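Numbering (the working numbering), first residue to last: 1096 to 1238.
Where is the CB? At the ideal position from N, CA and C, for every residue including glycine.
The structure presented is a predicted model; accordingly, all values stated were derived computationally and were not measured.
Only one structure is covered here, and it is reproduced in the block below.
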């Protein structure tokens, strides 16, 4: 159901690890799982520590874009940070959806740091039986 368009994704992931965390101008990708469940295609994205109102989901044609932003927590002036390992900044993921998915009826749910998108499979893409008509006799074509 997803169309793969990025053959260098693993290379990008390794480059992200080497170059350090994301910045506001260079978003980090979000880990994702995608699978078919009955008449829906389900996409789950890990976005821990992000509030639901900081998540933006857009669909344009067959391109699904998910963006999220984790900002630093404001602290008092007398607080000294000893360790800061949690990534901050913008997280983004673009997914090219197949034409067989109904992008008009996507449902989104966010719970425990996991964004779940349920995308219905379009009626035209579902398996269906084709009735076979039996003719009443032979017809001749004259010309």
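C-beta atoms of residue i and residue j nearer than 9 Å
{"i": "residue 1203", "j": "residue 1211", "result": "yes"}
{"i": "residue 1160", "j": "residue 1152", "result": "yes"}
Bridge-paired residues (DSSP) for residue i
{"i": "residue 1131", "result": "1136"}
{"i": "residue 1206", "result": "1209"}
{"i": "residue 1162", "result": "1151, 1187"}
{"i": "residue 1143", "result": "Its beta-bridge partners do not exist; DSSP assigns none."}
{"i": "residue 1225", "result": "Answer is none; residue 1225 lacks a bridge partner."}
{"i": "residue 1214", "result": "1136"}
Selection from the options that minimises the alpha carbon distance to residue i
{"i": "residue 1192", "options": "1222, 1136, 1206, 1165", "result": "1136"}
{"i": "residue 1198", "options": "1185, 1138, 1223", "result": "1138"}
{"i": "residue 1124", "options": "1229, 1188, 1230", "result": "1188"}
{"i": "residue 1215", "options": "1126, 1128, 1127, 1133", "result": "1133"}
{"i": "residue 1154", "options": "1176, 1145, 1126, 1196", "result": "1196"}
Residue i classed as buried or exposed, judged by whether at least 16 other C-beta atoms fall within 10 angstroms
{"i": "residue 1131", "result": "exposed"}
{"i": "residue 1181", "result": "exposed"}
{"i": "residue 1142", "result": "buried"}
{"i": "residue 1163", "result": "buried"}
{"i": "residue 1190", "result": "buried"}
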